[in-house]
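What follows is a set of notes on a single structure, which appears directly below.
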Amino acid sequence: MFSTIKFVIITNVIIYLAVFAEETLLGVLSLHHVVDYAFITLVISWGSAALLHMSLPFQSSKKGKVSLLKRDEVMNAKKNVLEAQKEESTSTMATIIKLAWAGVPSLIFVLIYHFLF
């Protein structure tokens, strides 16, 4: 849990500093208020999570012709590949969830600012 909170804080600080540096150097986004920075931080963190989610590999069940290996070797090779894909998918999903949580503080700030001011 503390690793997720640390990830959320570090991610928000890095994204905020990157947006601030872009605004200071280039001024492309023309942000004037603090809530604009929070909204852009929200969009970047949730956009990154969405892009990572869309890039997850699908479970493919294509049958290839492997005539050189024996049946047991093929079964072991498939098992190893499936285990590696599952481990990679699990770690990617953890990053996606952390990026989704990283946008929540910005969302809360934007909503509070919107309804109070």
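Numbering (the numbering used here), first residue to last: 4 to 120.
We put the CB at the ideal spot given by N, CA and C, even for glycine.
These numbers were taken from a predicted model, which means no experiment stands behind them.
Query: Proximity test, Cβ basis, 8 angstroms: residue 53 and chain C; Result: This model lacks chain C altogether, as it is built from one protein chain only.
Query: Nearest-angstrom Cα separation, counted from residue 114 out to residue 97; Result: 26 angstroms
Query: Distance between residue 8 and residue 64 (C-alpha atoms, nearest Å); Result: Legend: pLDDT at residue 64 = 49, less than 50; position of this residue unreliable, no value from coordinates given.
Query: Nearest candidate by alpha-carbon position, reference residue 52, set 104, 89 and 120; Result: 104
Query: Completely contained alpha helix (DSSP H) runs for the stretch 28 to 98, where each covers 4 or more residues; Result: 37 to 57
Query: Segment contact, 8 angstroms Cβ cut-off, at least three pairs: the stretch 36 to 45 with the stretch 87 to 95; Result: no
Query: Contacting residues, own chain, Cβ-Cβ under 7 angstroms from residue 21 (five flanking each side not counted); Result: none
Query: Straight-line Cα distance separating residue 86 from residue 24; Result: 42 angstroms
Query: Through-space distance from residue 59 to residue 10, alpha-carbon basis; Result: 21 angstroms
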